[in-house]
Ligand SMILES: Nc1ncnc2c1ncn2[C@@H]1O[C@H](COP(=O)(O)OP(=O)(O)OP(=O)(O)O)[C@@H](O)[C@H]1O
Ligand SMILES: [Mg+2]
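In the working numbering, the protein residues as written are 344 to 692.
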């Protein structure tokens, strides 16, 4: 029996991004992305979740090479991190991006057709009529009528504008689409329509997605794998069902507890934990685990480098509780409730 593994379309290794800032009159750096490893297989969607400021957009911009980053990025097996801007040009069209706000990403003084055709002007030698017919083709792909090409963005609704932005993003036949909060500004029913569109485009065009959202329900719906970011680092990643049904890292567990459960009897825990403590200053992250200042299970060992622990059911979690938690006697952490129970048991002994 042979197993077919899809080729990797995107692989980032040890990705680091720092921004120079001035704080209290001193020059320092915000460490927005710190040593992130991730990979996406062909045809797959990797969801990125994490609170505001955890580095999701910075990660996307680094992968797109819109900002300078340390570490390696491979696109379809080619290491592009060492390439000059000129050398990278040939690879740029393989990765395209859709942003949250189609109002600001579409130039109001250009017709829809002109906006959607722009990448063709930059990257191909197509004639005007060739561009026009390709524009009509992609408008059809995203469910818009050909004659919309002659109208202006402000004549369209939010959902239609997002379809126009998607049309422009796919016109060069990219391999990877990065969606940064691409449906976050839309109402729920429009969100669902745009998500279905993205799913059907993935099938029809063989796309892979890096899908960033703070909305966990949306990420669960569309992703195959999920990475959980906190203060610039990935604390847990794995297959979507394992992450949502059996989150291994305390941070993931707390994050999921904050999602309202539609059926109360399925509620993960009766006592919801509220996060206390402060998110550390990104110019001066603590050594070891960045979540230790808010983690209910923080131990001395948490200021040591984080382990990378393989979790049953797939993926990894970077928590000392799995390996060296004295309270758990080294047992894997099945849920926060188990951990609390074990903790209470030990305290009453
Ligand atoms: N151009 C910049 N200059 C300085 N700091 C920046 C810059 N861009 C982002 N940051 C900082 O980097 C960190 C990560 O920001 P980023 O926008 O990537 O987070 P995010 O996860 O996308 O958040 P959100 O959910 O709000 O979009 C934050 O501390 C942010 O303040
Ligand atoms: Mg962002």
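Yeah, the Cβ is synthetic: ideal placement off N, Cα and C, and Gly gets one too.
The C-alpha of residue 567 lies about 32 Å from the C-alpha of residue 646.
Per DSSP, reduced to three states, the secondary structure at residue 393 is coil, with no helix or strand assignment.
Residue 416 has its CB no nearer than 7 Å to any heavy atom of ligand 1. Counting other Cβ atoms within 10 Å of its Cβ, residue 400 reaches 16 or more and is therefore classed as buried.
Going by C-alpha positions, residue 662 is about 17 Å away from residue 587. Taken from the Cβ of residue 530, every heavy atom of ligand 2 lies 7 Å or farther away. By the CB criterion at 8 Å, residue 579 and residue 564 fall outside the cutoff.
Per the coordinates, the alpha-carbon of residue 498 lies some 26 Å from the alpha-carbon of residue 543. The criterion of a C-beta distance shorter than 8 Å is satisfied by residue 354 and residue 382. In this structure the region 433-440 touches the region 507-521; the number of beta carbon pairs closer than 8 Å is three or more. Residue state for residue 499 is assigned as coil, using DSSP reduced to three classes. Residue range 531-548 is occupied by the alpha helix (DSSP H) that includes residue 544.
In the DSSP assignment, residue 522 forms a beta bridge with 441 and 554. Residue pairing by DSSP places residue 382 opposite 354 in a beta bridge. The criterion of a C-beta distance shorter than 8 Å is satisfied by residue 375 and residue 361. A residue is called buried once 16 or more other Cβ atoms fall within 10 Å of its Cβ, and residue 402 is buried on that count. In chain order, the residues positioned with their C-beta nearer than 7 Å to some heavy atom of ligand 2 are 399, 400, 523, 524 and 555. Here the alpha carbons of residue 513 and residue 507 stand approximately 10 Å from one another. Residue pairing of residue 580 in beta bridges, as defined by DSSP: 570 and 659. Counting the other Cβ atoms within 10 Å of the Cβ of residue 409 gives fewer than 16, which makes it exposed.
The Cβ atoms of residue 397 and residue 573 sit closer than 8 Å to each other.
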